[in-house]
Amino acid sequence: AQSVTQLGSHVSVSEGALVLLRCNYSSSVPPYLFWYVQYPNQGLQLLLKYTSAATLVKGINGFEAEFKKSETSFHLTKPSAHMSDAAEYFCAVRNQAGTALIFGKGTTLSVSS
Amino acid sequence: NAGVTQTPKFQVLKTGQSMTLQCAQDMNHEYMSWYRQDPGMGLRLIHYSVGAGITDQGEVPNGYNVSRSTTEDFPLRLLSAAPSQTSVYFCASSQDTREQYFGPGTRLTVT
């Protein structure tokens, strides 16, 4: 069965610092992996996705993620945090039937000046 | 192209009342899903549909019904609301294995 674990429910960084949000997955089939961002009182917006092509995936707003099969990880990074990056971030894996997503519990990113 | 729309945005119900959360998409997507979001729990799948007339249960289906009579619409019905159903509800649609597109959500409070 598919599952997602996000390490750290809350991450705090300073503006300009590296952002690293951790995601590990479990999947019985080759995974399709996603990162979504949710700003306060809004819906979910896709940041990036891995669908078995390049292992380093670039997304919107300067974010990228690297798929590492040996570590079953799909960590999200951004070289330099901006105040506007403060939000909740969700990692997700497509379910085995390909009909829906299984989400991690989310990581709240805080950015201080 | 409105994407995925949900109504209402906010709703307060009393325990035992019933209501329907509406979801519509104009992208001709085959797959539609309902999730609930609770603090510290992420999003959990309630029900999903792979096409008109075809629905199935997700992780947390109890207390909810769905139907899919058209490709565009996927309403979620609460038969007898309970305080445990206080949550934010998101509808999503997708085509095949591509990413899901989410609606803006419905914030439901059951007193």
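Protein sequences appear in the order of chains A and B. Counting along the first sequence from 1, when you hit position 111 you're at 124 in this note's numbering, and nothing is skipped either side. Counting along the second sequence from 1, when you hit position 24 you're at 9 in this note's numbering, and nothing is skipped either side. Backbone N, C-alpha and C define an ideal beta-carbon position, used for all residues, glycine too.
Taking just the CA atoms, how far does residue j sit from residue i?
i, j, result
"residue 69 of chain A", "residue 85 of chain A", "14 Å"
"residue 29 of chain B", "residue 57 of chain A", "14 Å"
"residue 62 of chain A", "residue 36 of chain A", "13 Å"
"residue 79 of chain A", "residue 19 of chain B", "29 Å"
"residue 123 of chain A", "residue 101 of chain A", "9 Å"
"residue 52 of chain B", "residue 15 of chain A", "26 Å"
"residue 45 of chain A", "residue 11 of chain B", "25 Å"
"residue 83 of chain A", "residue 39 of chain A", "12 Å"
"residue 87 of chain A", "residue 73 of chain B", "27 Å"
"residue 17 of chain A", "residue 34 of chain A", "13 Å"
"residue 88 of chain B", "residue 40 of chain B", "19 Å"
"residue 43 of chain A", "residue 103 of chain A", "20 Å"
"residue 22 of chain A", "residue 23 of chain B", "14 Å"
"residue 25 of chain A", "residue 81 of chain A", "24 Å"
"residue 59 of chain B", "residue 91 of chain B", "14 Å"
"residue -5 of chain B", "residue 74 of chain A", "30 Å"
"residue 118 of chain A", "residue 106 of chain A", "12 Å"
Beta-carbon of residue i versus every beta-carbon of chain B: anything under 8 Å?
i, result
"residue 75 of chain A", "no"
"residue 22 of chain A", "yes"
"residue 55 of chain A", "yes"
"residue 180 of chain A", "As displayed, chain A neither begins before 14 nor continues past 126, which places residue 180 of chain A out of reach and without an answer."
Could you check which residue in the options has the C-alpha nearest to that of residue i?
i, options, result
"residue 96 of chain A", "A:14, A:65 and A:30", "A:30"
"residue 86 of chain B", "B:-5, B:78 and B:58", "B:78"
Between residue i and chain A, is there a C-beta pair that is closer than 8 Å?
i, result
"residue 69 of chain B", "no"
"residue 89 of chain B", "yes"
"residue 3 of chain B", "no"
"residue 80 of chain B", "no"
"residue 26 of chain B", "yes"
By Cβ distance below 7 Å, which residues in the same chain neighbour residue i in space, the five residues on each side in sequence not counted?
i, result
"residue 2 of chain B", "66"
"residue 63 of chain B", "3, 4, 48, 49 and 70"
Only counting the same chain, and skipping five residues up and downstream in sequence, which positions put a Cβ closer than 6 Å to that of residue i?
i, result
"residue 4 of chain A", "What is shown of chain A runs 14 to 126, which leaves residue 4 of chain A out entirely."
"residue 111 of chain A", "none"
"residue 44 of chain B", "29 and 30"
Who are the Cβ neighbours of residue i in its own chain at under 8 Å, not counting the five residues just before and after it?
i, result
"residue 99 of chain A", "122, 123 and 124"
"residue 97 of chain B", "Given that chain B is displayed from residue -14 to residue 96, the structure contains no residue 97 of chain B and the question cannot be resolved."
"residue 53 of chain A", "100"
"residue 77 of chain A", "61, 69, 70, 71, 89, 90 and 91"
Beta strand (DSSP E) runs wholly inside the segment 37 to 120 of chain A, at least 3 long, in chain order: Listed in chain order, the complete beta strand (DSSP E) runs (minimum 3 residues) inside the segment 37 to 120 of chain A are 46 to 51, 57 to 63, 69 to 71, 77 to 81, 86 to 91, 100 to 107 and 114 to 116.
Can you give, in chain order, each stretch of the beta strand (DSSP E) that sits fully within the segment -10 to 77 of chain B and has at least 3 residues? -5 to -2, 4 to 10, 16 to 23, 27 to 36, 39 to 42, 49 to 51 and 61 to 63
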